[in-house]
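Report on the following structure.
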Amino acid sequence: MNSVIISAVASFVRVFLDKFTASKLWALINNINSACQRAWRESRIMCFLKSGNIDLNSCRAAKAVFSPFAFLSFLQEKLGAGLSEKISSSLICSLGRDYVHNFMALNTRFWGAMLLSASIVFNTLHMAMGRGINEIVLAAAAVGALMLIVNINFMSFMNGSVAVDIVKACAGVKSISFDFYNSGRTFGRMRFIPALAVGVITGAVMSVMPLYGLLVPFALFGMLLVLEYPVTGVYAAVFVAPLIPFSSMPLAGICLWTIISLALKSVYDKKFRWRLDGVGFALILFLAVLLVSCVFSFARTASLTVWLMYFIFVMFYFAVINTINTRDQLYGLLRLFVISGALVALYGVMQYLFGWTTTNAWIDEDMFEDDTMRVFSTLANPNVLGEYLLLVLPVSAVFFLKDKAKSLSKWVYLAITGIIFICLILTQSRGCWLGFMVTLALFVLFYEGRWWAFIPLVLCILPFVVPQTVIERLSSIGNMDDSSTSYRVYIWMGALGMLRHYLLGGIGMGEAAFNEVYPFFSYNAIIAPHSHNTFLQLLVEGGVPALGAFIAVIIVYLKGAQSIYKRRDKKSFNSAMTLALGAGVCGFLFQSMFDYTFYNYRVMAVFFMVIGITMCFRYVGRCASE
366 MNSVIISAVA SFVRVFLDKF TASKLWALIN NINSACQRAW RESRIMCFLK SGNIDLNSCR
426 AAKAVFSPFA FLSFLQEKLG AGLSEKISSS LICSLGRDYV HNFMALNTRF WGAMLLSASI
486 VFNTLHMAMG RGINEIVLAA AAVGALMLIV NINFMSFMNG SVAVDIVKAC AGVKSISFDF
546 YNSGRTFGRM RFIPALAVGV ITGAVMSVMP LYGLLVPFAL FGMLLVLEYP VTGVYAAVFV
606 APLIPFSSMP LAGICLWTII SLALKSVYDK KFRWRLDGVG FALILFLAVL LVSCVFSFAR
666 TASLTVWLMY FIFVMFYFAV INTINTRDQL YGLLRLFVIS GALVALYGVM QYLFGWTTTN
726 AWIDEDMFED DTMRVFSTLA NPNVLGEYLL LVLPVSAVFF LKDKAKSLSK WVYLAITGII
786 FICLILTQSR GCWLGFMVTL ALFVLFYEGR WWAFIPLVLC ILPFVVPQTV IERLSSIGNM
846 DDSSTSYRVY IWMGALGMLR HYLLGGIGMG EAAFNEVYPF FSYNAIIAPH SHNTFLQLLV
906 EGGVPALGAF IAVIIVYLKG AQSIYKRRDK KSFNSAMTLA LGAGVCGFLF QSMFDYTFYN
966 YRVMAVFFMV IGITMCFRYV GRCASE
């Protein structure tokens, strides 16, 4: 029965499309679309975006801004050869590599030695403290002893696993192999030195703080892996950015260690050359302006703390563009970005279905009596969740659009796109909904303008598929009876009052500086941590220079994205993905007019990661049209 209905619907859609595309109305819409696209291409905005960029090689300001990178290049020239030789012959570095490769290989003897030593140290210290022997740890010691009998790399079995092959097919990464470790390092006695040392440290820490002790081997592995291969830090940061709840510090730690590892690599790797571009130039100027505002802040120490977070996440842009060197690396990073977003969205949908940790704190219950649930997933706030999803959704949609029809991954990405879209709806964030509309409009405009022809059909269908709650929420935009709207308007009025006195230099970065000044200008005694508008907040914190520097970042970014996007080959994967990333950024910036989107550091980090990922298309070469 279901197959008959589906077949009938599919046949109707095919016949309708054939008739519609052959009609005079379709021809008229095509002519209008062509005229609009021609006018847009010749507009001042597009001419400005296509205009030439500054020659950074001959620009004195650029040389000054990029002087730290020039210094690292100087160190490479003077010290690189000697450092590279010492690192290759260093016993400590060799032991570190042994640890990394045996850890990745899941080598039984290596893990057994680490588990056995950790268990012995843990129980010894427990007995010394009068707590007796822990039976679970004793059993772990027995397991570790058994693992020492055979020398097997369990990771080698992953390549032949049917389950793993299915997962790779779903993700669209069939080419990935699990032979990424050096099997030569999984033999010999030297590898037991780091295993035993880490086991001792783990057991000692676990005896005092069990949870932190368990993290020691994994944290050390991650640090050593990123130190040798900084690109893994980029992958890790992109994946975990939205998944780590409550705190941004672990993400900041990953980003900072990746930056440090890349800086060290740039000194000892003779082949390394820094990639420096206009976006990076604008970002450093942006940081410099914000630093000046912190120096003269009303809460200097707190402002400098906020600036340090900005510094780490903005400078991570250079880590992204300088570690992604191949097309496969870039596409893999994008797929990982989508998978992470899918997990966040799935948790948000499950929050709604099962009522997990939901609250009505973000809903005006007097206006929306039936809308008492807004999901926030791992990001603690539905608006913040919506802002993150705005950046992920277009990327997922392009993977669905461009993956081959016969591939399993195409339909998996369709499901992921649907889950992310549903989660975006469930945030009930009106600003994010509008931001999504902006993203969709920009993508359709540049990718396939003829799709606008289906708007009348979509408008006819929408009343039957869009929930009434969504219509009510959208229709309430601008309604001052809604406490959310009036709350923002009063805050904006207070912030504008502050600008009459601090327009040129601002008051300094962060909530502490804002709370020092805002209460003197607040309306209706409304308390707020920020101005609920990113552009207005930048004006308040850093004055006109800060807003000007940020707008310069966006302009240079859009110019760079436009140079990557090929109008004559707009259906290629590179052009489509660049367009999706750029459109997502524009939708995010539109939402930024209604909320301070950088208040959540993790979302701010993802924003600058997306900018870096977009610019990577400039460096990895052009993909053939698909």
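Numbering-wise, the sequence shown is residues 366 to 991 according to this note's numbering.
Each residue gets a CB set at the ideal place from its N, CA and C atoms; glycine is no exception.
Rounded distance between the beta-carbons of residue j and residue i, thought under 8 angstroms
i, j, result
"Cys1033", "Gln956", "Coverage of the chain is limited to positions 366 through 991, which leaves residue 1033 absent and any answer about it impossible."
"Arg761", "Leu750", "The sequence given here places Ser at residue 761; Arg does not occur at that position. Going by Cβ atoms, the distance from Ser761 to Leu750 rounds to 15 angstroms, so no, they are not a contact pair."
"Asn898", "Phe959", "7 angstroms"
"Tyr464", "Leu589", "6 angstroms"
"Gln441", "Phe646", "In fact, because the Cβ distance is near 21 angstroms, the residues do not count as touching under 8 angstroms."
"Ile856", "Ala893", "5 angstroms"
"Leu490", "Ala510", "That pair is no contact at about 19 angstroms."
Environment of residue i [buried if 16+ CB atoms lie within 10 Å]
i, result
"Asn939", "buried"
"Asn396", "exposed"
"Ala435", "exposed"
"Phe468", "buried"
"Thr666", "exposed"
"Pro607", "buried"
"Ser626", "buried"
"Ser455", "exposed"
"Phe583", "exposed"
"Asn516", "exposed"
"Asn748", "buried"
"Ser376", "exposed"
"Pro910", "buried"
"Arg550", "buried"
"Phe451", "The amino acid occupying residue 451 in the given sequence is Lys; Phe does not appear at that position. Exposed."
"Arg496", "exposed"
"Ser540", "exposed"
"Val312", "Outside the modelled stretch of the chain, which goes from 366 to 991, sits residue 312, for which no answer is possible."
"Phe683", "buried"
Straight-line Cα distance separating residue j from residue i
i, j, result
"Lys384", "Leu799", "33 angstroms"
"Gly720", "His466", "43 angstroms"
"Thr688", "Gly697", "13 angstroms"
"Ala505", "Ser484", "7 angstroms"
"Val565", "Val709", "36 angstroms"
"Ala628", "Leu437", "7 angstroms"
"Ile790", "Gln716", "13 angstroms"
"Ile929", "Ala400", "24 angstroms"
"Tyr852", "Ile891", "7 angstroms"
"Asn518", "Gly578", "25 angstroms"
"Ile649", "Gln927", "22 angstroms"
"Ile609", "Ile619", "12 angstroms"
"Leu903", "Val950", "18 angstroms"
"Arg865", "Ser887", "14 angstroms"
"Thr691", "Val985", "5 angstroms"
"Tyr1000", "Leu754", "Because the chain here runs from 366 to 991, residue 1000 falls outside it and cannot be looked at."
"Ile978", "Ser774", "21 angstroms"
"Val777", "Ile787", "15 angstroms"
"Gly908", "Pro828", "45 angstroms"
"Leu861", "Arg838", "27 angstroms"
"Ala806", "Arg815", "12 angstroms"
"Gln793", "Ser613", "24 angstroms"
Whether residue i touches residue j by CB criterion (7 angstroms)
i, j, result
"Leu701", "Phe586", "no"
"Tyr966", "Met674", "yes"
"Val993", "Gly568", "An answer regarding residue 993 cannot be provided, because it is not within the stretch 366 to 991 covered by the chain."
"Arg554", "Leu513", "no"
"Phe982", "Thr943", "yes"
"Trp998", "Val591", "Missing from the structure shown is residue 998; the chain here goes from 366 to 991 and no further."
"Phe681", "Ala914", "no"
"Leu946", "Val975", "yes"
"Ala664", "Phe557", "no"
"Phe953", "Leu810", "no"
"Pro595", "Lys630", "yes"
"Phe801", "Thr782", "no"
"Asn488", "Val508", "no"
"Ala601", "Tyr546", "no"
"Ala917", "Lys767", "no"
"Met969", "Phe676", "no"
"Ser662", "Gly873", "yes"
- Item | Start-end ranges of the beta strand (DSSP E) lying completely within the stretch 437-509, minimum 3 residues | none
- Task: Please go through the stretch 565-599 and give each complete alpha helix (DSSP H) segment of 4 or more residues, from N-terminal end onward.
- Result: 575-593
- Item | beta strand (DSSP E) runs wholly inside the stretch 838-909, at least 3 long, in chain order | none
- Minimum length 4: unbroken alpha helix (DSSP H) runs contained in the stretch 746-801: Whole alpha helix (DSSP H) segments, 4+ residues: 747-767 and 773-791.
- What beta strand (DSSP E) runs, 3 residues minimum, are completely inside the stretch 684-708? If one requires a minimum length of 3 residues, no beta strand (DSSP E) run lies completely within the stretch 684-708.
- Query: Which residue spans inside the stretch 917-968 form an unbroken alpha helix (DSSP H) run of at least 4?
  - Reply: 938-956
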